[in-house]
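For reference, the structure is listed below as C-alpha cells.
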Amino acid sequence: AQKVTQAQTEISVVEKEDVTLDCVYETRDTTYYLFWYKQPPSGELVFLIRRNSFDEQNEISGRYSWNFQKSTSSFNFTITASQVVDSAVYFCALSNYKLTFGKGTLLTVNP
Amino acid sequence: NAGVTQTPKFQVLKTGQSMTLQCAQDMNHEYMSWYRQDPGMGLRLIHYSVGAGITDQGEVPNGYNVSRSTTEDFPLRLLSAAPSQTSVYFCASSYYRGYEQYFGPGTRLTVT
Chain H
35 AQKVTQAQTE ISVVEKEDVT LDCVYETRDT TYYLFWYKQP PSGELVFLIR RNSFDEQNEI
95 SGRYSWNFQK STSSFNFTIT ASQVVDSAVY FCALSNYKLT FGKGTLLTVN P
Chain D
6 NAGVTQTPKF QVLKTGQSMT LQCAQDMNHE YMSWYRQDPG MGLRLIHYSV GAGITDQGEV
66 PNGYNVSRST TEDFPLRLLS AAPSQTSVYF CASSYYRGYE QYFGPGTRLT VT
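Top line first, the protein sequences correspond to chains H and D.
Residue numbering for the first sequence follows the numbering used here, beginning at 35 and increasing consecutively.
Residue numbering for the second sequence follows the numbering used here, beginning at 6 and increasing consecutively.
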C-alpha cells in the first residue's frame, strides 16, 4: 500500500515570508510519480508539478520550488516571498496506477 | 475545449435514494477517476478507469458503482444514498496513469 503524509495540518505566515510544506511518502514501487496540487478557497484543484521517481532534480518555477529526495522519501514544496494569493490547501500526491493524496496543508498568508 | 465537466454542482438526496453523478472530458484521456473530499481527509479514490470498458476499485468503493462505455464519460452511481456519503465529489482525467490529472469543478452532495 502507498501512503502520503503531510504532517503540517495548518501553517500561518506573514506576507513575504518563505514557507516550506513537507511531504513524506511510502511506496514499494520503483516507478512512481509525485505531484503537488493547490486548492484555493474557491474549491477547484490546480495541478502544480509532477515528478517521476527517476528524476531527482530540484525544480524552480518563479516563487515555487520543489525538493525531491528519494533517500528520505520526501518531496517538499517551498514558496519564496509568500503572497496572500498563495493562501490555499496544498496537497501532495503519489501515483502508480492509483493516485493517493495526503490530507493537505492549509496555508494562510496574512498581509 | 471544456476540460472535465461535472453535473450537477449541488445535490440534496434523502437516505435511500439513488442518483448518478455525471463526468465528461473532451481531452481524449484514457485515465479517469472519482474522488471524494471530506474535511481533514484529503481526497480519497473511489473508482478509476484506465480505458473504455475497464474499471477498478479505489480506496473507498463501497456504495458506489461506475461504468465506462465511452472514452469521454465516466458516471458515478450512488446505489442507496447514506448520510456518510455526504461529501464533495471530484472527477478527474489524465492522458495515462502517472500523468497529471485534470479535475472537474466538483459536486457537493448532501444526504439527509
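For every residue, glycine included, the Cβ atom is placed at its ideal position computed from N, Cα and C.
Check this for me: beta carbons of D:Tyr-107 and D:Glu-35, under 8 Å apart or not?
Taking the second sequence and counting its residues from 1, one reaches residue 107 of chain D at position 102. Taking the second sequence and counting its residues from 1, one reaches residue 35 of chain D at position 30. The answer is no: Cβ separation not under 8 Å.
Whether H:Phe-88 touches H:Ser-129 by CB criterion (8 Å)
For this step, residue 88 of chain H is matched to residue 54 along the first sequence. For this step, residue 129 of chain H is matched to residue 95 along the first sequence. Contact: no.
By the 10 Å Cβ neighbour count, where 16 or more other Cβ atoms means buried, how is H:Ile-94 classified, buried or exposed?
In the first sequence, residue 94 of chain H corresponds to position 60, counting from 1. By the neighbour-count rule (16 or more Cβ atoms within 10 Å), H:Ile-94 is not buried but exposed.
So, using beta-carbon positions, are H:Tyr-124 and H:Thr-139 closer together than 8 Å?
Here residue 124 of chain H refers to the residue found at position 90 of the first sequence. Here residue 139 of chain H refers to the residue found at position 105 of the first sequence. Contact flag set, yes.
What residues match up with D:Arg-49 in a beta bridge as DSSP calls it?
Position 44 of the second sequence, counted from the first residue, corresponds to residue 49 of chain D. Its beta-bridge partners are D:Arg-41.
Name the chain H residues whose beta carbon is nearer than 9 Å to that of D:Tyr-53?
The residue you call residue 53 of chain D lines up with position 48 of the second sequence. Near D:Tyr-53 (Cβ distances below 9 Å), the residues of chain H are Tyr-131, Lys-132 and Leu-133.
For D:Gly-68, collect the residues of the same chain with a Cβ closer than 7 Å to its Cβ; drop the 5 residues on either side in sequence, then sort them by chain order.
Translated into the one-based positions of the second sequence, residue 68 of chain D becomes position 63. Closer than 7 Å at Cβ, skipping near neighbours: Leu-83, Leu-84, Ala-87 and Gln-90.
Can you list the residues of chain D that H:Leu-79 reaches, using a CB-CB cut of under 7 Å?
Walking along the first sequence from the start, residue 79 of chain H turns up at place 45. In chain order: Phe-95 and Phe-108.
Quick check: the Cα distance between D:Ala-7 and D:Ala-29, rounded to an integer number of angstroms?
Locating residue 7 of chain D in the second sequence gives position 2, counting from the first residue. Locating residue 29 of chain D in the second sequence gives position 24, counting from the first residue. Rounded to the nearest angstrom, the two C-alpha atoms are 9 Å apart.
With DSSP collapsed to three states, give me the class of H:Ser-158.
This structure gives no information on residue 158 of chain H, because the portion of chain H shown stretches from 35 to 145.
C-beta neighbour in chain A for H:Tyr-59, strict 8 Å
Structure shown: chain A not included; protein chains present are H and D.
Taking 8 Å as the CB-CB limit, is H:Arg-85 close to chain D?
Counting from 1 along the first sequence, the entry for residue 85 of chain H is found at position 51. No, because no Cβ of chain D sits closer than 8 Å to the Cβ of H:Arg-85.
Counting only beta-carbon separations shorter than 8 Å, does D:Arg-41 have a partner in chain H?
Within the second sequence, residue 41 of chain D is the residue found at index 36, counting from 1. Taking Cβ atoms only, chain H never reaches closer than 8 Å to D:Arg-41, which makes this a no.
With a cut-off of 8 Å, does the C-beta of H:Tyr-67 fall near any C-beta of chain D?
Your numbering for residue 67 of chain H matches position 33 in the first sequence. It does: the Cβ of H:Tyr-67 has a partner Cβ on chain D nearer than 8 Å.
Candidates H:Gln-40, H:Val-118 and H:Ala-35, of which the one nearest H:Arg-62 by Cα
Taking the first residue of the first sequence as position 1, residue 62 of chain H is located at position 28. Here the closest residue by C-alpha is H:Ala-35.
Should H:Gly-96 be flagged as near chain D, meaning a C-beta pair shorter than 8 Å?
For the purposes of this step, residue 96 of chain H is taken as the residue at position 62 of the first sequence. It does not: the Cβ of H:Gly-96 has no partner Cβ on chain D nearer than 8 Å.
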